[in-house]
Each structure stands twice: as C-alpha cells, then as structure tokens.
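Undergrad: Which chain is which? The protein sequence lines are A and B, in order.
Quick note: the first sequence, position 248, residue 248 per this note's numbering, numbers continuous.
Quick note: the second sequence, position 84, residue 1084 per this note's numbering, numbers continuous.
Even for Gly, the Cβ is constructed at its ideal location relative to N, Cα and C.
What follows is a single structure, and I will ask about it in a moment.
Number of protein chains: 2
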Amino acid sequence: MKGYRKMDLDVEKAAEFLELPSSRLSEIIEKGNLKQNWDEYNRIYRFEGHAPQLEDGSVLIDNSGSFELIRGFPKIKRAMLLEPALKNNFSDLTSVAVEEKMNGYNIRVVDYKGELIAFTRSGHVCPYSTERVRNFLDRDFFEEHPDIVVYGEMTGPENPYVQKHVYGIESLDLFVFDMRYKDTGKALEIHRRRKLAEKYGFNQVNLLGEFNIKEAPVRITNIIRELGKIGHEGVVIKDPKMVLQPIKYTCSESNRSDLQQAFKFYNEAGRDYLYSRVIREGFQSHEWEENEEDFRKRCLLLGESILRPMKETIAKVQSGERISDDFIIRVRNKSVIYKFRSYLERFGLHVVLGKIEKKGNEYTAEFRKINKSTNDKTLAMLEGQLWS
Amino acid sequence: MKGYRKMDLDVEKAAEFLELPSSRLSEIIEKGNLKQNWDEYNRIYRFEGHAPQLEDGSVLIDNSGSFELIRGFPKIKRAMLLEPALKNNFSDLTSVAVEEKMNGYNIRVVDYKGELIAFTRSGHVCPYSTERVRNFLDRDFFEEHPDIVVYGEMTGPENPYVQKHVYGIESLDLFVFDMRYKDTGKALEIHRRRKLAEKYGFNQVNLLGEFNIKEAPVRITNIIRELGKIGHEGVVIKDPKMVLQPIKYTCSESNRSDLQQAFKFYNEAGRDYLYSRVIREGFQSHEWEENEEDFRKRCLLLGESILRPMKETIAKVQSGERISDDFIIRVRNKSVIYKFRSYLERFGLHVVLGKIEKKGNEYTAEFRKINKSTNDKTLAMLEGQLWS
C-alpha cells in the first residue's frame, strides 16, 4: 500500500455515483490511483493508472455531493498499413469520414461553477489552457449543453508542448475534434458535432472528406502525401456515426519531425517513442511500394532526423551553451503566467521564466524548460566519461 | 520470495569459501540469484542478477566440497568520444595496448574433472562451445595452470549467435583475449598472456599496436576506419599491465550491422539495444567533424540499416514465408547436435533442427530459430490489425 493523503471525498457517495462497490473505490484511492487536485480545484479528482472501466485521466467532479464524470480520452489506435486496417476495421461501413489530426495537445473543456475549465490528457486542470479556452469558446454552448464535454486540440506556436507554425496560427487556437456525453463517454455523430460547433462559432479540425470504403485507401493515401508536404500531422478516420472506434494514421514527415525533436534531447527521449516512429516508416515504405530511389530518400531523411539534432546538441553543449526547450505563452491575465510556472514545477520540471511583454491587451511570457539529463550526459561524454 | 528448487549445495561451506555470511548466501539462493546447472554439470552453479561483489554469470564449482569460483566477464565500458575518453581514463599511462574486438560470442574455458568446459557470458555450460574448445585448445595449458581461466571470442560463420564471414574462418574458431586468475579475477598482463597463448598454440585476438598515449587517439581512429572498411567490429583499448579497466570502441559499420540484424526481427529487438547503436553514430559523427557530404552518407547508411531489413521482413511474411534466424553448427560427436538443441530449448527458444551432413570426420547441422514475435506482429499488421 502506497502512502496517500486523506481525501475530502465522500467515498460512499462517490462509489454509488460511479456504480462501484465502495470497497473497490477505497482500494483505488489507497493505491494512489485517484488523485485530488489542488487550490481552487480541490474538489476535482483524476483517475491514474488503469482504474477499471475508466480511461486514464478520467475526472470526477464533486459539486458538494453531486457528482460528474468527465471520461478520459479514448485511446485511438494506429494503422500501420492503411489498406488492410481500413478493410479489417471498417468492413461494415459504406463510408468513412476523414478528419485532420492536428499537432498540438489535447484538452477537454467543461463548465465548472459558471466558468470554463480545461483538462489535459492526464486530467489535470491546466491554468494556461483554461485561461485560453475562456477566450476561445462561447460559454452559451456549455450552458445549453451541460451534459456534453468538448474535446479539442490546442495548436499553434505559442504552445508549451508542441510549437507548430504550419497551421498559419499566430498564437494558439483550439480545434474541436470530438464531443462526448459526460458519464457514458458516448460520442456525438460527426455531422451533429460539426453542426453544433459551427453554430457556436467553435474552430474545428478540417473534415477532409467522407469516402466510400472502397475508395478510402487511395483517397486517404493521397491526403497523407499532401498533408506531409505541408508539414501537417495526419488524419483520424472515423465511422460517421461514431459507433466503431476511430483509427489514426500519420505522415512520414510528422514521424520524422517527432524524431528530430526527440533526438535533440536524446537522453530524455523514451525508447519506445523513438522505436514506434521508426517502425512506422518501415511499414509505410512497404505499403507504398517505393522504388529504390524513393526508398533511399526515405532512409536519408530518417537518418538525418535522428543524427542531425543529436549532433547539434553535442556541438552546442561543447561550445558552452546548454540545450533547453523554449516556448512562449500568451495570456490576458498576467497572474496566469506565474500560476502556469507553478503548475509545471509541480511536475518536477526545471523551468526558467524569461521576458514578459505586453502585446495589446495581452501578455507574452518566455519559458525555458531545461533538459538536465541530456545536458549532463553530453557534458560527461565530452569530458571523457564512459557510456556504461 | 520466489519459489526455488532445493539445492544440493552445502550452503555453510560454500558461504565460507565465498567469504559471505551464510545467511547472505541463503538469501541469494532464496531470491533465485544462484542457479544450479543440470545433467552432468549439476554441481556447477551460476550467479544471476547482481549478487554483491560478483559479476553476473560468475560460476561456483563444487568439487565434492572443495570450491572454485570462475568470475563473470567484467563489463567493458564504452568510449562515445574516443579522444576525451582516452585522456580521462588513461592519463596515468605512457602507452596503451590496442587489441581487436572480434564479433562473436564470449566464452570462458576451464578444466573440469579432466576435460575442458566452456561457460557462456551468463554462466551456462554450452554443449556446442564445450565440444569445440576441446578441439581448439591444448589441455596441457590448463593442467599446468589450474588457477587460470581463459577468456575468448567464438568467431566465424558456423556460429549459433553471430555469424561472421569477414574473418576468413571456414567454420568457427576461438580467439583468446584475456586470462584471469580464478577467485580474484585479476587479469594477466597483456604480454604475459600473449606469450602464454602463443606457447600453447592458442589463437588470439590481434594486437594492433601499443601506442604512446598522446598519439593513441589518432592511431586508434585510423585503425577504426580501416577495420570498418573490412567489416570488423572494433577495438579494446587496454592498460598493458591490465590494472586500469579496458575501454571498447567500435566501427560505424559494426553498429549498423547490429541494427540490420535487429530490425530484421524488429518486434524482438530490445529498444535499448537499438537506441545505443544509433546514439554511437551521433557521437562519432561529431568527433570526426564530418563535412555535410560525409554526414549525409552516414545518415543514409543509418536509415538503410534500419528500414531495409524491416521492409524485407514485411515482404517476406506477406509472400507467405516466415522469418527465422538460421545457422549451422559443426561437431565431431553427433550427439552434441541434439544436446545443443535441448540446451536452446531450455531457454524457451523455438528451434527447428534441419539437415545433418557428414563433412570429413565431422557433422554439420542446420538450425532455424523461429522469431515468433516478429512473424506474428507482421502478419497481424498485414491482416489489418491496429498497432496499439
């Protein structure tokens, strides 16, 4: 049994709401798999580490004894070979809808005590995302649809996690890609969801087409080639009725861009993260029946996406600099800058807050995340220490 | 506490010999970190999983109550950047000796009840290696030096683990690279070891030179470039007196050759194994101050060593074949073929024994190791299953 902080939660009532035996919920709490949020959100709890029937990052909100459940993001599985994956998973459909998979970070938005709040994938209330969605989304929607959770991608260059300039966004924007009912997690049909989003003026991910299932492999392959050329990430292929599980598929350029970023911080990068991106290249090359010239081009680009950032990191550290992950956030309320810094520090990140500037009625703030592990390892090698 | 088989070992006596409290040895046994061998070698025990002060794979031999300890291979650490590593680790020396690191598998040889036996890195008695060393090594050495363990590399194409044709070896041969005293693990000085090996007609790894410490980085870099061109693995840089720990350094060609083999069986390959080989390329490219053209060549070759074998595996599985790791062994005594098959099966490997042929006074036997995980995963992807 791991240590845990005494919770304010009424376990009996919460268990009843979750339709779990209260002994089961107590067990989840004792294992540290239900965590309480802090500060003004301390009546919000998140599930971590595989609670039964609940996706990781599912959130339980305690409104003075009446509960709400915000289910976590259902994991979207990946096609390695597009054509067989479509055939095998969507054979009962006549058509599939293809929406763009944007490169940013996922959030879920709900109304909480009369204001919008944004949860990250893990179920934390992110202060930056929360401040932003209050600017991005019309609260009327949430008042009129209190039973719906909005799922979206936070995308753009002023982004703490994934900075992308390819979407023509100046700062940051939210693109809705899903709406689901609280409690059940059931998704709205695509056309209903897109209409609702349009009605309330929400940005949404591009609908790239709805294709007859037979044509879909060729059509989607063409889309992927085009998206790749402009540096976009990929697609999510969906049952228009949202009954079958969606499937994701990404561009080679996006896999390589991930590798570039990861090998800059080579000693921090997860081995599985690197492996999976390399593996995708092998399957796509096979499915696309590349000739020797195109194949060699893919090999060169793959090799470059690995070695170039790594070499740059070593050279930089040798020259006396230190590598870091730099980003900018933009807020209306200056105090959110400091709140966000504390938020990152709670995760054990080493963060340096740089210049704060006024931009119109907003503020930008520069952040540096220091990647201690890669800096230290590189320095050790340069000093002649041995690998292991 | 894990389950364990009752051992025949006299724990009190063994502990006394090992200079451990017997409660400590009991604990090691209870944790399953001392394993008993089987069949005619059932009085031989091997240490697994970090017993204190004992390298993994250290072997304890019980000669009816009098004990011998054969220490495991001391881990040889790796230089990522050659010049700083030499400066940092060998600054007290005037010169270093450079021996070739051959590509095969390591064994340790001792005399046991009047016959030679060969231990693998993990401390198992390998029946194939044991039969071979009886042909390769003169037993007189071991009778005259019962306190010395011979460490060598089993190299050549008729090899269950690493098949290499680059050394001009027809079948298999043993190349001595170390001799150490039993019990203490202290190594013989290089010149003494090489003279002894020569006297008894043992093959040994090439001594590529003894270099002044100031010249060593350039000289070794040149050696590495030349070894790479002929597909050899690399070098081990040693204190001639064998007091300081040796350092290994390998050719880019060898890193890539490892990757080629690993990505053929991409779903079996260890993530850390892949990662470490890629990382070496980044450091070498930095240290060699490659121009853009050479750098791009390295990137291309790296990419090809990853994607080409993977693509071939997918194509092969699609065409209905199954991938496998095929090798040949050659023995004098036919029964060793079956003994070796049982030996591999004990490790849970799926092995198919193929054609057995008489070659002069010896027999060759074909083996196939079936790589179930990569075959199954590839087939699943071809059938349209999703990655995860």
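Cα separation between glycine 1228/B and isoleucine 1220/B?
TA: What you label residue 1228/B is simply residue 228 of the second sequence in a count that begins at 1. What you label residue 1220/B is simply residue 220 of the second sequence in a count that begins at 1. Cα-Cα distance, rounded: 12 Å.
Undergrad: Go ahead and pull the three-state DSSP assignment for serine 1254/B.
TA: The sequence position of residue 1254/B within the second sequence is 254, counting from 1. In the structure shown, serine 1254/B sits in a helix (DSSP, three-state: H, G or I).
Undergrad: On the DSSP letters alone, give me the boundaries of the alpha helix (DSSP H) that glutamate 1131/B sits inside.
TA: On the second sequence, residue 1131/B is found 131 positions in, with the first residue counted as 1. Unbroken alpha helix (DSSP H) run through glutamate 1131/B: 1127 to 1136.
Undergrad: Could you tell me which chain A residues have their CB closer than 7 Å to the CB of tyrosine 1275/B, listed as they occur along the chain?
TA: Mapped onto the second sequence, residue 1275/B falls at position 275. Within chain A, the residues near tyrosine 1275/B are Arg271 and Leu274.
Undergrad: Quick check on lysine 113/A - is its C-beta less than 9 Å from some C-beta in chain B?
TA: On the first sequence, position 113 is the one that residue 113/A refers to. Cβ-Cβ to chain B under 9 Å: no for lysine 113/A.
Undergrad: Which stretch, first to last residue, makes up the alpha helix (DSSP H) that contains asparagine 222/A?
TA: By one-based count along the first sequence, residue 222/A stands at place 222. Start and end: 216 to 229.
Undergrad: At the level of alpha carbons, what is the spacing between threonine 1155/B and phenylalanine 1136/B?
TA: Counting from 1 along the second sequence, the entry for residue 1155/B is found at position 155. Counting from 1 along the second sequence, the entry for residue 1136/B is found at position 136. Approximately 12 Å between the Cα atoms of the pair.
Undergrad: Beta strand (DSSP E) containing leucine 1082/B: first to last residue?
TA: The residue labelled residue 1082/B in the question sits at position 82 within the second sequence. Per DSSP, leucine 1082/B belongs to no beta strand (DSSP E); it is in the alpha helix (DSSP H), 1082 to 1089.
Undergrad: Quick one: Cα of asparagine 1042/B to Cα of tyrosine 1266/B, how far?
TA: Reading the second sequence from its first residue, position 42 is the one you call residue 1042/B. Reading the second sequence from its first residue, position 266 is the one you call residue 1266/B. Going from the Cα of asparagine 1042/B to the Cα of tyrosine 1266/B covers about 36 Å.
Undergrad: To the nearest angstrom, how far is it from the Cα of valine 1336/B to the Cα of alanine 1014/B?
TA: Taking the second sequence and counting its residues from 1, the one referred to as residue 1336/B is at position 336. Taking the second sequence and counting its residues from 1, the one referred to as residue 1014/B is at position 14. Going by the C-alpha atoms only, they are around 31 Å apart.
Undergrad: Under 8 Å: does the beta carbon of leucine 196/A sit that close to some heavy atom of the ligand NAP?
TA: This structure does not include the ligand NAP; it has no bound ligands of any sort.
Undergrad: Would glutamate 153/A and valine 235/A be called neighbours here (beta carbons separated by less than 9 Å)?
TA: Taking the first residue of the first sequence as 1, we reach residue 153/A at position 153. Taking the first residue of the first sequence as 1, we reach residue 235/A at position 235. No, these two residues do not count as a Cβ contact at 9 Å.
Undergrad: So that I know if they touch, is there some Cβ in chain A lying closer than 9 Å to that of serine 1388/B?
TA: Here residue 1388/B corresponds to residue number 388 of the second sequence, with the count starting at 1. With 9 Å as the cut-off, serine 1388/B counts as an interface residue toward chain A.
Undergrad: Output the distance between the C-alpha atoms of serine 254/A and methionine 80/A, rounded to the nearest integer angstrom.
TA: Taking the first residue of the first sequence as 1, we reach residue 254/A at position 254. Taking the first residue of the first sequence as 1, we reach residue 80/A at position 80. Whole-angstrom Cα-Cα distance: 14 Å.
Undergrad: Taking Cβ positions, are cysteine 299/A and arginine 1308/B nearer each other than 9 Å?
TA: Here the question's residue 299/A lines up with position 299 in the first sequence. Here the question's residue 1308/B lines up with position 308 in the second sequence. Yes, Cβ-Cβ distance for cysteine 299/A and arginine 1308/B is below 9 Å.
Undergrad: Would you give the residue range spanned by the alpha helix (DSSP H) that glutamine 1245/B belongs to?
TA: Residue 1245/B sits at position 245 when you count from the first residue of the second sequence. From DSSP, glutamine 1245/B is part of no alpha helix (DSSP H); its letter is neither H nor E.
Undergrad: Please return the same chain residues whose Cβ sits closer than 7 Å to the Cβ of proline 1021/B, not counting the five positions on each side in sequence.
TA: Within the second sequence, numbered from 1, the residue matching residue 1021/B stands at position 21. Around proline 1021/B: Ala1015.
Undergrad: Does any residue of chain B have a CB that is nearer than 9 Å to the CB of asparagine 375/A?
TA: Walking along the first sequence from the start, residue 375/A turns up at place 375. Not one chain B Cβ lies under 9 Å of asparagine 375/A.
Undergrad: Quick check on the burial criterion: 16 or more other C-beta atoms within 10 angstroms. Buried or exposed for tyrosine 1112/B?
TA: For this step, residue 1112/B is matched to residue 112 along the second sequence. By the 10 Å Cβ count, tyrosine 1112/B comes out buried.
Undergrad: Taking histidine 1050/B as the query, report the chain A residues whose CB atoms sit under 9 Å from its CB, ordered along the chain.
TA: As a position in the second sequence, residue 1050/B is number 50, starting the count at 1. The contacting residues do not exist; histidine 1050/B stays about 15 Å from chain A at best.
Undergrad: If we define contact as Cβ-Cβ less than 9 Å, is glycine 1201/B a contact residue for chain A?
TA: As a first step, residue 1201/B is located in the second sequence; it is residue number 201 there, counting from the start. So, not an interface residue.
Undergrad: Return no unless some Cβ of chain B is closer than 9 Å to the Cβ of tyrosine 432/A.
TA: Because chain A spans 1 through 388 in this model, residue 432/A falls outside it and cannot be assessed.
Undergrad: DSSP three-state label for isoleucine 1029/B, please.
TA: The residue you call residue 1029/B lines up with position 29 of the second sequence. Helix.
Undergrad: I need the straight-line Cα distance from aspartate 1008/B to threonine 1130/B, nearest angstrom please.
TA: To locate residue 1008/B, count along the second sequence from 1; it is residue 8. To locate residue 1130/B, count along the second sequence from 1; it is residue 130. Spanning the two alpha carbons is a distance of roughly 24 Å.
Undergrad: Looking at chain B, is there any beta carbon in it that lies within less than 9 Å of the beta carbon of alanine 14/A?
TA: In the first sequence, counting from the first residue as 1, residue 14/A sits at position 14. No, alanine 14/A does not count as interfacial toward chain B.
Undergrad: Apart from the five residues just before and just after glutamate 1366/B, which ones in its own chain have a Cβ nearer than 6 Å to its Cβ?
TA: Position 366 of the second sequence, counting from 1, holds the residue named residue 1366/B. Closer than 6 Å at the Cβ level, and outside the excluded window around glutamate 1366/B, lie Ile1328, Gly1354 and Lys1355.
Undergrad: With distances taken Cα to Cα, identify the nearest neighbour of tyrosine 161/A among Gln245/A, Val109/A and Lys369/A.
TA: By one-based count along the first sequence, residue 161/A stands at place 161. Considering only alpha carbons, the answer is Lys369/A.
Undergrad: Tell me glutamate 1357/B's beta-bridge partners as DSSP assigns them.
TA: Counting from one through the second sequence, the residue named residue 1357/B turns up at place 357. Per DSSP, Thr1364/B.
Undergrad: For aspartate 1062/B and isoleucine 1044/B, I'd like the C-alpha separation in whole angstroms.
TA: In the second sequence, residue 1062/B corresponds to position 62, counting from 1. In the second sequence, residue 1044/B corresponds to position 44, counting from 1. Near 6 Å, if we compare the C-alpha coordinates of isoleucine 1044/B and aspartate 1062/B.
Undergrad: For valine 218/A, which option in Trp38/A, Gly32/A and Val96/A has the closest C-alpha, if you only look at C-alpha atoms?
TA: Counting from 1 along the first sequence, the entry for residue 218/A is found at position 218. Selected option, being the one with the closest Cα: Val96/A.
Undergrad: Per DSSP, what are the beta-bridge partners of leucine 300/A in this structure?
TA: What you label residue 300/A is simply residue 300 of the first sequence in a count that begins at 1. In the DSSP output, where bridge partners are listed per residue, leucine 300/A has none listed.
Undergrad: At a CB-CB cut-off below 7 Å, which residues of chain B make contact with histidine 286/A?
TA: As a working mapping, residue 286/A is identified with position 286 in the first sequence. Those within 7 Å of histidine 286/A in chain B are Lys1311, Ile1314 and Ala1315.
Undergrad: Let me make sure I understand the geometry here. Which of Ser1319/B, Asp1056/B, Leu1086/B and Glu1289/B has the alpha-carbon closest to that of leucine 1382/B?
TA: Your numbering for residue 1382/B matches position 382 in the second sequence. Nearest C-alpha to leucine 1382/B: Ser1319/B.
Undergrad: From lysine 2/A to valine 133/A, what does the alpha carbon distance come to, in whole angstroms?
TA: Your numbering for residue 2/A matches position 2 in the first sequence. Your numbering for residue 133/A matches position 133 in the first sequence. Legend: pLDDT at lysine 2/A = 41, less than 50; position of this residue unreliable, value from coordinates given subsequently. Approximately 36 Å between the Cα atoms of the pair.
Undergrad: Give the range of the alpha helix (DSSP H) segment to which aspartate 1325/B is assigned.
TA: In the second sequence, counting from the first residue as 1, residue 1325/B sits at position 325. Taken as a continuous stretch (DSSP letters only), aspartate 1325/B belongs to no alpha helix (DSSP H), being part of the beta strand (DSSP E) at 1324 to 1331.
Undergrad: Starting from serine 1174/B and walking both ways along the alpha helix (DSSP H), at which residues does that stretch end?
TA: For the purposes of this step, residue 1174/B is identified with residue 174 of the second sequence, where counting begins at 1. Checking the sequence shown, residue 1174/B turns out to be leucine, not serine. Counting along the chain, leucine 1174/B falls outside any alpha helix (DSSP H), though it belongs to the beta strand (DSSP E) covering 1173 to 1181.
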